[in-house]
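These notes concern the structure reproduced below.
In the UniProt record's numbering, the protein residues as written are 1 to 596.
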């Protein structure tokens, strides 16, 4: 053995220390350059997108199946999905907040949410697309905004349900603390409600974006009577490849989509999940945290740190102080004037609410009158066909929910309880949830036809592929939100597996599970428009069902059939929600709320 002199070891150690210090100083610079590069790329993308959107409407678009067109198509689809998600998040927070704190309209708003989530994307299509094209007749942005709103209708409802149920299950002691410290509504939203709902919002956002990918094919390429609307995008690429049976193009499209999903998971969802873990409601420090190297690097970026300290933080503090109540007590005339101004604001708000209510009632009556006149054209045979399809779709939806729950509940609890498993399983689940089942459906359908199963069985499988992720991601969020101290108590008292599920896991995930089941049920009804009516190689496969009636009516432009089928579907979903899901929601709010 060779023994090195002490002086050599000392020099070697100094060199290693100096090298590590250089790396620590240089790495933030590299990160800042990367952030600047991303900013420039985003600016270039906005410029290109603006020149395309505000140009003249394009004539009939031919979708190229060349792999060289995929980067441009993918860029357009990513922009549509994320703009629709931003719109969905804003709508969900505003809608859920209003429904949770305004008892006068809460029941009406939740019923409206039930109805809206039960309406398929294609039922929104005629009104949305024709309105957007009429609003921007000489610009391409009209068709683009129509597609974005259609994707929005497939993303928003589960986020709204999640935020509403989180607000209703906030522990009483936290609400009392906010009252003691006299939080304004803005302070309560920022300091209590959004942090408490963060975990549910993050996981439901993931499944909403996955739902956007699922309905992308229907939103980028569709037929409305004699008009054929096509948009360049990844969804239209996959739909064209699937309808022509081009396996090579389908493979290229799926590879591109999977690459986008993996990049989104690593660059966005993993940092957001790690960030939201700090909002877990618990009384002891957890021993295992979700970690993200990218979040760590962003938190230690010098450029972002300077931007946050000198621009973002002063701006947010100024806004925060203006929106917060002044806690200094007023005296004399100031207090009286404050009371008078508050009363005048209340009168003005009451008048505005009355005017808005009258306008809404007038609009509803006007639409109802025209709808009834349109429904008179429905024949008796068509009405019986709609009822028969409603029964068939009802059976398929509930079968898909039972099969999906059988595996998603135990899998979601396992992922939520074990961060190491979550690091592997969550990206896999995100990829599987985001890959449109309609892109894989040609292969599944042909195999079922050869086996003699047909579309009746295949539609159940397609509903599962499109809606089981609502249950899985909500169960994961519920399992992650169970306080660590409760889990440690269960371990300390040596609970058996059955006792853990009965006294800890099922009560802990119950509010999230109900949200997942409600949104999965609505998603399954929505997915029926694709699952029960499918085109393959210029041939249409169809089975008895309400979704098939809606899809066929949209293709042929029979708006009276489309309207009646949509009303029947919405009525069935609302009835189920009233009789089943709403009592379970109340049970989650009263009995299974986490609190001291």
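Note that the Cβ used here is the ideal one computed from N, Cα and C, for glycine as well.
Does DSSP put residue i in a helix, in a strand, or in coil?
i: residue 52; result: helix
i: residue 585; result: helix
i: residue 535; result: strand
i: residue 599; result: An answer regarding residue 599 cannot be provided, because it is not within the stretch 1 to 596 covered by the chain.
i: residue 152; result: helix
i: residue 245; result: coil
i: residue 102; result: coil
i: residue 159; result: helix
i: residue 332; result: Since pLDDT at residue 332 reaches only 49, below the 50 mark, its modelled position is unreliable, and the value read off the structure follows with that caveat. Residue 332: coil per DSSP, three-state reduction.
i: residue 255; result: helix
i: residue 509; result: helix
i: residue 188; result: helix
i: residue 347; result: helix
i: residue 76; result: helix
i: residue 124; result: helix
i: residue 62; result: coil
i: residue 168; result: helix
i: residue 430; result: helix
i: residue 136; result: coil
i: residue 193; result: helix
i: residue 376; result: coil
i: residue 592; result: coil
i: residue 183; result: coil
i: residue 115; result: helix
i: residue 215; result: coil
Span of the alpha helix (DSSP H) holding residue i?
i: residue 311; result: Premise fails: residue 311 is in no alpha helix (DSSP H) and is neither H nor E.
i: residue 387; result: 380 to 417
i: residue 559; result: 559 to 576
i: residue 628; result: With the chain running from 1 to 596 in the structure shown, residue 628 is simply not present.
i: residue 68; result: Per DSSP, residue 68 belongs to no alpha helix (DSSP H) and is neither H nor E.
i: residue 488; result: 484 to 492
i: residue 271; result: 270 to 276
i: residue 497; result: 497 to 500
i: residue 660; result: Nothing about residue 660 can be read from this structure; the chain reaches only from 1 to 596.
Would you mind reading off the limits of the beta strand (DSSP E) that contains residue i?
i: residue 539; result: 539 to 542
Using CA coordinates, which residue listed in the options is at the minimum distance from residue i?
i: residue 202; options: 278, 100 and 500; result: 278
i: residue 262; options: 177, 505 and 426; result: 426
i: residue 560; options: 418, 591, 372 and 272; result: 372
i: residue 506; options: 486, 133, 493 and 541; result: 486
i: residue 459; options: 241, 255, 525 and 139; result: 525
i: residue 53; options: 142, 456 and 86; result: 142
i: residue 219; options: 551, 572 and 309; result: 551
i: residue 388; options: 418, 548, 280 and 130; result: 548
i: residue 397; options: 464, 451 and 381; result: 464
Who pairs with residue i in a beta bridge, going by DSSP?
i: residue 221; result: 230
If you drop the 5 nearest sequence neighbours on each side, which residues of the same chain put their C-beta closer than 8 Å to that of residue i?
i: residue 503; result: 490 and 495
i: residue 445; result: 455, 458, 534, 536 and 541
i: residue 498; result: none
What does a CB cutoff of less than 7 Å around residue i pick up in its chain, not counting 5 residues either side in sequence?
i: residue 73; result: 232, 233, 234 and 237
i: residue 157; result: 113, 116, 117, 519 and 522
i: residue 328; result: In this prediction, residue 328 scores a pLDDT of 46, lower than 50, which makes its location untrustworthy; no coordinate-derived value is stated.
i: residue 260; result: 74 and 78
i: residue 135; result: 142
i: residue 92; result: 156, 159, 160 and 163
i: residue 603; result: Past the edges of the chain, shown from 1 to 596, lies residue 603, and the structure says nothing about it.
i: residue 404; result: 464, 467, 468, 471 and 520
Within the same chain, show all residues whose beta-carbon is closer than 6 Å to that of residue i, passing over the 5 residues directly before and after it, in chain order.
i: residue 474; result: 512, 515 and 516
i: residue 148; result: 80, 83 and 84
i: residue 69; result: none
i: residue 597; result: Residue 597 falls outside the range modelled here, since the chain spans only 1 to 596, and no answer is possible.
i: residue 188; result: 178
i: residue 276; result: 198, 199 and 202
i: residue 588; result: 510, 511 and 514
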